[in-house]
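Numbering (the numbering used here), first residue to last: 63 to 205. The structure under discussion appears below in the form of structure tokens.
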């Protein structure tokens, strides 16, 4: 089942879609806002891998990340979601579902959530069982 199908089946409201072929500006903005400064993006296979090299304290991981999502998700009325920063990006109306819902509904792939104001991102990975994620990161300007 695709992310689109999952969102539709859950009756979540998709406001707009940024198609894959036009996702480069979104990816660049995500890297600028949430990635480590001076990152050489050519050396990483997955964008989420950069989160493990972030400044101390800037990234919450595992249970702390899930708890922070639970706190922050109630503060927004719109959000972006995608499975990879180079895929279709869905702009959603409403409050993002909780981590447990995403974990239950999605296959073992990646998921990127960004709040409407670009003040935080929440990232799930296909390697969570090995301790890589989920991650919660505030915009560098928010630190």
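Don't be surprised by glycine CBs; every beta carbon is placed ideally from N, CA and C.
{"query": "Residues bridged to residue 177 [DSSP beta-bridge criterion]", "result": "141"}
{"query": "Chain-order list of residues whose beta-carbon lies under 8 Å from that of residue 69 (same chain, five-residue window excluded)", "result": "76, 143, 152, 154"}
{"query": "CB-CB length for residue 127 against residue 184, believed under 8 Å", "result": "7 Å"}
{"query": "Closest by C-alpha distance to residue 125, when choosing among 83, 162, 148, 158", "result": "162"}
{"query": "Per-residue DSSP class, three states only, for residue 155", "result": "strand"}
{"query": "Simplified DSSP state of residue 194, which is helix, strand or coil", "result": "coil"}
{"query": "Reference residue 113; option with closest CA among 95, 130, 129", "result": "95"}
{"query": "Proximity winner among 134, 83, 89, 71, relative to residue 200 (alpha-carbon distances)", "result": "134"}
{"query": "Contact set for residue 74: own chain, Cβ-Cβ below 7 Å, skip 5 residues either direction", "result": "154, 156"}
{"query": "Pair within 7 Å by beta-carbon distance, residue 87 and residue 150", "result": "no"}
{"query": "Bounding residues of the beta strand (DSSP E) (the contiguous stretch that carries residue 183)", "result": "182-186"}
{"query": "Rounded separation between residue 172 and residue 91 - CA only", "result": "18 Å"}
{"query": "Three-state secondary structure assigned by DSSP to residue 77", "result": "strand"}
{"query": "Boundaries (first-last residue) of the beta strand (DSSP E) holding residue 131", "result": "Careful: residue 131 lies outside any beta strand (DSSP E), inside the alpha helix (DSSP H) at 124-134."}
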